[in-house]
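Protein chains in written order, with the working numbering: chain L, 1 to 544; chain C, 1001 to 1308.
Okay, structure coming up:
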């Protein structure tokens, strides 16, 4: 089969978007009275480790990268993948080769055109061990790009990466094995094009204001570490006519109470991801209920069992603890900012996922607890021989509250004695990586909108499988799903995977995270992107 | 004098700093978790590339010698966390901010603190004394992290007179609240020390003699009492000055001020080894320097301990 093979769903999506260019950018409804000053101040949670997209580490960095740069694809306000610099794409050779056609209007902030060579340079730079990017593994492992893994391992030079510019406006990506969700992975913040001439001229200093050239809706104007990052409209951005906000300032405020006070004093228009301090929740609900905005997030809060430590190799113990946990109480009463109780690990909102129902999900709490008691007794626990274990979490008031509640809920089913252990963040990570825990808090936020970003964690080879859960049947399903191009078939495979997890209980799933912000009533244009990304280019400020 | 300064520098300051660098260098590496550990574990080959870039793959003694060599050239090395900057970039951007904030708070603290202490001492055991010392007591026990939000609540959210945070290059309206929070503790301590020492001095024989000679009270206070009474205050001011200008973690974090305090606390949390080392050296050097300054100041105030 060497005929060019288009993936129907993707090409039709691209065609639909080509017809309605305005689908991505600030959509101001007719008749809206805009405020004369279109400037916004947003929280960013913490100081980004870098403004270099290739060296991105997580949300604080990718938040900046996607404002300043635009990748092949981007996300609309509701999180759907839409064309970015690439206006269309097609796959060949059964999904092993992808051709991206770049829009000719795409420009850098200095007015020069964005070309396929810029992407080739960026992707090769990212996997180059010399760049020392923390996401160097991404192109090889998540996207299966040819030679990605071998380059990262230092076995093959970066020039051999399966990414090649065929002229200025066509980019070819070659994969080792087809990945059904390749396009979704390409919206990642680290996969932005980077300006070769600025990097070669300024070295590590290329990200400073004045040196940086970017191709997104905004360009960097000012940066004061630990105070603010200011960006202004990029007049050369291809869709600049549709951008409304002229200037955006990001404040790296770690302390949520401090951020809240500045929000209340009108110094901030939109708090950072999760920028709703739990201590002030009551006051927020009383005084500014309409400014608390929440929607589901692709992420899960749970407790992970360490399979290397007894008795957590016994499924009866794991199941008993999972059944006894009153997730509704924790999600809705204790946390209460839009979180949903988690029965499965994958959030229901993940693209291409359809949740399974667990038999005990419909039981009353009393019945669940009875079953948990029976399981514990069967596993040999009694008053004379109670189940004793340590629950590890990173130091934080909210985690402590949840752990206390969990310990109390487990004690209700009988002979369970939980010792709470908290550690400072890096110490905690160290303990968890070394497997020095019995049961530990664990949380995962999706890298891209697809169930595999969650479910891969339980693959025996995954680097974040801290509990060392190992089920060959599970591994086989996940391996198959990755290269299954049929969407329906893939959904079924993910359900099979969740069914195995529902039998094995590698975690006690507690809740699915919510995206939550405080947003001033005059800020409009944001959608409900499950990945939480809110792009300033989609926003506008109404008269107030 | 020059000989003395040289002796202090070569025999005291440099060895002290070397011990400080050595202890900090190895101590911070003992802290669990590394600069590059994160929630998303990296594959070992990615970790190896990062370790190679930052020389973390070398044995500790080699890293240590390399660090000393860089340090001798005034290079604090790259920040492990903030990849766009070296430690020098970050520290020299933050020093003027903390210095400006600290200096203002220091001046306010010294002026108000001494004035309050003297006033209380002159009216010992009157209602003035009790109220000044009562307020000072509250100042000593009231922590920054309580005062900062309370002041922000009243003046930023309630009255809307001042911003609740930010620095904006140190514009006056952005400085008022942080200075108020930062100086309150020092005002209280200085007032208490001044009062105690002033009462002691006022009861001493040479003051009694001056009074007996019929000198005016104001003259006695300025000419005879104030100087000896300030000695204990001066010895407190040296370390206090270093403490106040090297940044208050709480004030900087709460008000979003881009100073040394934020760098220090983030450096420790992020295990940003070069950042923590650089700031430790800086603060160590400042402490040694200002202690020396205090020592010299003593001589001017009290001729009995003038350096020979």
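Glycine included, each C-beta is placed from N, C-alpha and C at the ideal position.
Min CB distance residue i to chain L below 8 Å
i	result
residue 1262 (chain C)	yes
residue 1253 (chain C)	yes
residue 1213 (chain C)	no
residue 1165 (chain C)	yes
residue 1025 (chain C)	no
residue 1299 (chain C)	no
residue 1152 (chain C)	yes
residue 1041 (chain C)	yes
residue 1085 (chain C)	yes
residue 1296 (chain C)	no
residue 1157 (chain C)	yes
residue 1050 (chain C)	yes
residue 1271 (chain C)	yes
Residues of its chain near residue i, where Cβ-Cβ distance is below 6 Å and the 5 sequence neighbours each way are ignored
i	result
residue 520 (chain L)	269
residue 420 (chain L)	391 and 403
residue 1291 (chain C)	1238
residue 295 (chain L)	515 and 528
residue 445 (chain L)	299
residue 95 (chain L)	178 and 485
residue 1102 (chain C)	1244 and 1245
residue 475 (chain L)	459 and 460
residue 491 (chain L)	352 and 354
residue 284 (chain L)	292
residue 468 (chain L)	307 and 308
residue 532 (chain L)	273, 297 and 515
Proximity of residue i and residue j at Cβ, strictly below 8 Å
i	j	result
residue 75 (chain L)	residue 187 (chain L)	yes
residue 508 (chain L)	residue 334 (chain L)	no
residue 1038 (chain C)	residue 61 (chain L)	no
residue 361 (chain L)	residue 326 (chain L)	no
residue 496 (chain L)	residue 315 (chain L)	no
residue 1286 (chain C)	residue 1250 (chain C)	no
residue 1233 (chain C)	residue 1167 (chain C)	no
residue 1111 (chain C)	residue 1278 (chain C)	no
residue 1159 (chain C)	residue 1184 (chain C)	no
residue 422 (chain L)	residue 393 (chain L)	yes
residue 1082 (chain C)	residue 225 (chain L)	yes
Cut-off 8 Å between Cβ atoms - residues of its own chain near residue i, not counting five sequence neighbours on either side
i	result
residue 559 (chain L)	As displayed, chain L neither begins before 1 nor continues past 544, which places residue 559 (chain L) out of reach and without an answer.
residue 104 (chain L)	113 and 169
residue 1008 (chain C)	1292
residue 1179 (chain C)	1101, 1104, 1105 and 1108
residue 1026 (chain C)	1060 and 1064
For residue j and residue i, believed in contact at Cβ under 8 Å, the rounded distance
i	j	result
residue 229 (chain L)	residue 523 (chain L)	That belief does not hold up - the Cβ atoms of residue 229 (chain L) and residue 523 (chain L) are roughly 18 Å apart, past 8 Å.
residue 109 (chain L)	residue 236 (chain L)	6 Å
residue 1229 (chain C)	residue 1201 (chain C)	4 Å
residue 1281 (chain C)	residue 1017 (chain C)	6 Å
residue 27 (chain L)	residue 525 (chain L)	7 Å
residue 152 (chain L)	residue 1012 (chain C)	With 8 Å as the limit, residue 152 (chain L) and residue 1012 (chain C) do not qualify as a contact, their Cβ atoms being about 50 Å apart.
Below-8 Å beta-carbon distance, residue i vs any chain C residue
i	result
residue 516 (chain L)	no
residue 264 (chain L)	yes
residue 137 (chain L)	yes
residue 253 (chain L)	yes
residue 507 (chain L)	no
residue 276 (chain L)	no
residue 51 (chain L)	yes
residue 427 (chain L)	yes
residue 267 (chain L)	yes
residue 134 (chain L)	yes
Cβ shell of residue i (< 7 Å), same chain only, five flanking positions each side left out
i	result
residue 1094 (chain C)	1258, 1259, 1260 and 1263
residue 1129 (chain C)	1120 and 1123
residue 1207 (chain C)	1201, 1220, 1224 and 1225
residue 13 (chain L)	Here the model assigns residue 13 (chain L) a pLDDT of 40, short of 50, so the residue's position is not dependable, and the following value carries that caveat. Counting only Cβ-Cβ distances below 7 Å, and skipping sequence neighbours, we find nothing.
residue 1274 (chain C)	1076, 1077, 1078, 1079, 1080 and 1087
residue 238 (chain L)	103, 105, 106 and 107
Beta-ladder partner(s) of residue i, from DSSP
i	result
residue 73 (chain L)	L:83
residue 116 (chain L)	Note: residue 116 (chain L) sits in no beta bridge, so no partner.
residue 1010 (chain C)	Answer is none; residue 1010 (chain C) lacks a bridge partner.
residue 301 (chain L)	L:443 and L:511
residue 91 (chain L)	L:98
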